[in-house]
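Comments concern the structure below.
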Ligand SMILES: C[S@@+](CC[C@H](N)C(=O)[O-])C[C@H]1O[C@@H](n2cnc3c(N)ncnc32)[C@H](O)[C@@H]1O
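Residue numbers (the numbering used here): 1075 to 1339.
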């Protein structure tokens, strides 16, 4: 039987959990000592989470979910990778935190959570590129929010995903017109890791993201674009004054990240 795209991607992510947990990028020693894994932009733009319920979609092995809980939120993390969810639960126990982790495809999250709704839905860095249909995803986000609740996302800019790995040539369409199948060696967290898997992704232009979320019924509060990346995950990035990384040749001239805040009326 042929594997579905979600199954191919689940295998891709399962295979990376162990190596991510010991990678420099995820800085587990610092995290265990109490350092946050969240970046200054999302901490500032989400604002206070004290006493709020927060659903973290595509939570990987849970560092950001636990970081929001450390800031006072009641957190539920959702991911479809069984390895990621079991690592997240183990981390939560080790740190004696109270985060709930649920294994589910993001497009089935509201039924996996039995219709529960949240003050905040959060997702970040490397998320919607794994989803073929943003309308389905946006309806799910809408269902997960309480009236008045906020959806916040921050991710790498679709302009960056147009380029080849070296960021030297346009390799893919900005528009969502193709299923992008790749054989990925290593990982963004450890380029030399001895691992090779197939993955399937989709590029989503900004207009598609805004269109899907507004059609689902959410109201946009802001969109921001950034010429740098908090993560050193693209070729030829160099440290930037003020933190994060910029391109060694293009500086901060091209968009590398965006953020959105939407609200459910
Ligand atoms: C780049 S990571 C998330 C990034 C997060 N900011 C981090 O670095 O910890 C992407 C995550 O999305 C999850 N994922 C991919 N497709 C998914 C889907 N359809 N449903 C749920 N989770 C999915 C993967 O298992 C992986 O844990």
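All C-beta atoms in this analysis are idealised placements derived from N, C-alpha and C, irrespective of residue type, glycine included.
Take the alpha-carbon of residue 1314 and the one of residue 1326: they are about 9 angstroms apart.
Annotation: the continuous alpha helix (DSSP H) that includes residue 1105 extends over 1102 to 1106. Your pair residue 1173 and residue 1132 does not check out as a contact, with CB atoms roughly 15 angstroms apart and the cut at 8 angstroms.
When the Cα atoms are used, residue 1204 and residue 1212 turn out to be separated by approximately 14 angstroms.
Taking a C-beta distance under 7 angstroms as the contact criterion, residue 1333 and residue 1319 do not qualify as a contact pair. If you check the CB distance, residue 1233 and residue 1218 do not come in under 7 angstroms. Distance from the C-beta of residue 1204 to the nearest heavy atom of ligand 1 is below 6 angstroms. Note that the C-beta distance between residue 1163 and residue 1175 is below 7 angstroms. Residue 1153 has its Cβ nearer than 6 angstroms to a heavy atom of ligand 1. In the DSSP assignment, the residues bridged to residue 1196 are 1130 and 1226. Here residue 1096 is not near residue 1135, since their CB atoms are 7 angstroms or more apart.
For residue 1206, the CB contacts under 6 angstroms within the same chain, skipping 5 residues up- and downstream, are 1276 in chain order. Note that the segment 1254 to 1268 does not touch the segment 1279 to 1291; fewer than 3 beta-carbon pairs, one per stretch, sit closer than 8 angstroms.
Assigned with DSSP and collapsed to three states, residue 1326 falls in coil, not helix or strand. Going by DSSP, residue 1109 is part of no beta strand (DSSP E) at all; its letter is neither H nor E.
For residue 1298, the enclosing beta strand (DSSP E) begins and ends at 1293 to 1300. Here residue 1214 is buried: its Cβ has 16 or more other Cβ atoms, across all protein chains shown, within 10 Å.
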